[in-house]
Amino acid sequence: MPYNKKGIFKIMKSFTLIFAVFIGYLLADISVPISNLPQNAQNFIKNNFDANIIHIKQSDDNFEILLSDGHQIELSLSGEWEEIRRYIGIETKALPENITLIIKNNFPNMKILKIKKEWEIYNLQLENKIKIYIDENGKIIGQTTDY
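Written as structure tokens, this is what we have:
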């Protein structure tokens, strides 16, 4: 029984397109308005950064926020900050005071490019490629060089 090659090709092409769109939908992050951020997240940004929100992207487990001054902030869905980064140094007023003091005392004039909060540990990346691990009490518990 003969078959139509063009017809089969069209069906396969349509199936591939539908499959690609479906996968893209599953993997895509969604841009959301500021009103979708929890109030504590809005307050955190307003109180600690002198910049406007340019873009908010929401995924299954967090928000990624881009500010007009280059700060990139990751927040949990409940609005707690998880990571802050900026390639010219982050604003330290967003950090706990004991963490800021450790950096000022032990690494004067060194900019923090990234800080990640995991459980009760702060993981900081300094501009000189040094990574510092500080507990929530303000004690340095580890240090590595990332070259």
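If you read the sequence shown in the numbering used here, its first letter stands for residue 1058, the second for the next number, and so on. Think of the CB as a built atom: it goes at the ideal place given N, C-alpha and C, for glycine as much as any other residue.
Whether residue i touches residue j by CB criterion (8 Å)
i     : j     : result
I1156 : H1128 : no
K1171 : E1131 : no
F1120 : A1098 : yes
L1205 : I1113 : Lying before the first or after the last residue shown, residue 1205 is absent from the chain, which here runs from 1058 to 1204.
Residue i: first and last residue of the uninterrupted alpha helix (DSSP H) it sits in
i     : result
K1161 : 1154-1163
Limits of the unbroken beta strand (DSSP E) element including residue i
i     : result
I1147 : No beta strand (DSSP E) holds I1147; DSSP gives it neither H nor E.
N1105 : Unbroken run through N1105 is the alpha helix (DSSP H), 1096-1105; no beta strand (DSSP E).
Exposure of residue i, with buried meaning 16 or more beta-carbon neighbours within 10 Å
i     : result
W1176 : exposed
I1159 : buried
I1145 : exposed
I1198 : exposed
K1196 : exposed
I1189 : buried
Identified DSSP bridge partners for residue i
i     : result
L1132 : F1120, W1138
S1088 : K1114
Inter-stretch contact (C-beta, 8 Å, three-pair minimum) for the segment 1166-1174 and the segment 1183-1195: Three or more beta-carbon pairs separated by less than 8 Å link the segment 1166-1174 to the segment 1183-1195, which places the two stretches in contact.
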